[in-house]
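Be aware that the sequence shown starts at 3, since it is given in my numbering, and climbs by one per residue.
Even for Gly, the Cβ is constructed at its ideal location relative to N, Cα and C.
Computed from a prediction, not measured in an experiment: that's the story for all the values here.
Before any comments, here is the structure.
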Amino acid sequence: MEAVIRWANMSTNYFARYIGLAHGENLYQIKRGHNGISLDVADHVVAKFPQIDKLWLLTGEGHMFAELDKHSPVPYYKADAEKEIARISELKPDDHLFLPMAGGCDFAMTYNGQAMGRIIPAGTVVLLRSVGPDAIIPGGEYVIVSKKIVTLRIVRAAEDESRFRLVAGDCERYDDLLLEKSDIQKAYKVMVKLIIND
3 MEAVIRWANM STNYFARYIG LAHGENLYQI KRGHNGISLD VADHVVAKFP QIDKLWLLTG
63 EGHMFAELDK HSPVPYYKAD AEKEIARISE LKPDDHLFLP MAGGCDFAMT YNGQAMGRII
123 PAGTVVLLRS VGPDAIIPGG EYVIVSKKIV TLRIVRAAED ESRFRLVAGD CERYDDLLLE
183 KSDIQKAYKV MVKLIIND
C-alpha cells in the first residue's frame, strides 16, 4: 500500500478520499502492518488506478503494475510540452517508449523551457498523466493548461485557497505565478523525467 501511495504522489488521507474511502484510518492500519489489504480496499484502488495489479496488491507476489500496462508503449511526441500540449489530440506520435516504470503515463513530450532550471533541464522528456484539476496535489510538478497560460511548474498551495502558486525550479530568474483554480482547463502530472546528459 505504501508503494502505491508513494507512486500516486498523494498523502495517505488524500489517497483514501481519492479512491472513495470515508477516511484514511484503514490505510494507516495497513501501512503499520496491523491489517492486511481487504478485497474491498483493493477493488477501490484498482477502480481508480487500473494499472495496479490487484493480485500483487493483495498478495505482494508479481509486479506492482498489471502486465498489460508494464509492456504498453507510451506515445512520444517530439513537440514541446508547453507549446503543443493544448492540441495533443490533434498530434500524431513520433515514436513510442517502452518503459516498465511508465505504467500510468498517458504520453510523453519534450520540455524545452528554461523556468524549471536543473530540476527539469531543457531537452528533458517528460512522461505525463492527465489528471483532473481537483486531483492536483501541491508539491508535484505539472503541465498546467489554463485560459491564459500553459506552463510546466511545481504547484504549491497559495494563501488564498481559490488559487495555486506555480513555482519555477529556477527561482532566481523566474517569479512565482498565481493562478485561479477555476482557470485551469487541463492538468498533466509529471510522472517520469528522462534527462539526457550530453
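Check each candidate in the options and name the one with the smallest Cα separation from residue i.
{"i": "Phe66", "options": "Arg165, Glu84, Ala44", "result": "It should be pointed out that residue 66 corresponds to Met in this sequence rather than to Phe. Ranking Arg165, Glu84, Ala44 by Cα distance to Met66 puts Ala44 first."}
{"i": "Pro52", "options": "Cys107, Ile198, Ser164", "result": "Cys107"}
{"i": "Gly26", "options": "Ala5, Thr14, Ala49, Asp97", "result": "Thr14"}
{"i": "Asp42", "options": "Leu60, Val152, Leu130", "result": "Leu60"}
{"i": "Glu182", "options": "Ile122, Asn11, Glu163", "result": "Glu163"}
{"i": "Tyr176", "options": "Gly119, Ile198, Met111, Ala10", "result": "Gly119"}
{"i": "Ala49", "options": "Thr126, Phe17, Lys150, Met193", "result": "Phe17"}
{"i": "Lys149", "options": "Ala88, Cys173, Ala5", "result": "Ala88"}
{"i": "Glu84", "options": "Ala10, Thr126, Asn11, Arg19", "result": "Thr126"}
{"i": "Ile186", "options": "Ile138, Ala81, Ile197", "result": "Ile138"}
{"i": "Arg34", "options": "Met3, Met193, Lys56, Asp97", "result": "Met3"}
Short of 6 Å in beta carbon distance, which residues of its chain neighbour residue i, apart from the five on each side in sequence? Order them along the chain.
{"i": "Lys188", "result": "Val147"}
{"i": "Leu70", "result": "Interpretation of Leu70 is limited by its pLDDT of 48, a score under 50 that renders its predicted location unreliable; no figure is taken from the coordinates."}
{"i": "Ile156", "result": "Glu143, Val169"}
{"i": "Arg158", "result": "Pro140, Arg167, Val169"}
{"i": "Ser132", "result": "Asp108, Tyr190"}
{"i": "Phe100", "result": "Pro75"}
{"i": "Val145", "result": "Ala83, Ile87, Leu154, Tyr190"}
Once you ignore the five residues that flank residue i on each side, which residues in its own chain have a CB closer than 8 Å to its CB?
{"i": "Phe46", "result": "The amino acid at residue 46 is misidentified as Phe; the sequence shows His. Same-chain partners within the cutoff: Ile21, Gly22, Leu23."}
{"i": "Ala228", "result": "The requested residue 228 does not occur in the structure, where the chain is confined to residues 3 to 200."}
{"i": "Gln31", "result": "Asn37"}
{"i": "Gly134", "result": "Ala189"}
{"i": "Glu86", "result": "Tyr79, Leu93, Met111"}
{"i": "His98", "result": "Pro75, Val76, Pro77, Tyr78"}
Beta strand (DSSP E) containing residue i: first to last residue?
{"i": "Tyr185", "result": "Residue identity check: residue 185 is Asp in the sequence provided, not Tyr. Looking at the DSSP string, Asp185 is not in any beta strand (DSSP E), and its letter there is neither H nor E."}
{"i": "Leu99", "result": "97-99"}
Residues in its own chain within less than 7 Å of residue i by CB, not counting five upstream and five downstream?
{"i": "Leu180", "result": "Ala160, Arg165, Arg167"}
{"i": "Pro95", "result": "Pro77, Tyr78, Tyr79"}
{"i": "Asp178", "result": "Arg167, Leu168, Val169"}
{"i": "Trp58", "result": "Gly64, His65, Met66"}
{"i": "Glu174", "result": "none"}
{"i": "Ile39", "result": "Met3, Ile32, Leu59, Leu60"}
So, under 8 Å CB-CB, residue i and residue j are touching, yes? Tell me the CB distance rounded to an integer number of Å.
{"i": "Lys224", "j": "Leu130", "result": "This structure does not reach residue 224, given that the chain is present from 3 up to 200, and the question cannot be answered."}
{"i": "Ile122", "j": "Gly171", "result": "6 Å"}
Contiguous beta strand (DSSP E) assignments of at least 3 residues, all confined to the segment 11-90: Considered as a whole, the segment 11-90 harbours 76-82 as its complete beta strand (DSSP E) runs of no fewer than 3 residues, in chain order.
Beta strand (DSSP E) segments (min. 3 residues) lying fully within the segment 113-166: Every unbroken stretch of the beta strand (DSSP E) spanning 3 or more residues and falling wholly within the segment 113-166 is given here in chain order: 126-133, 143-148, 152-159.
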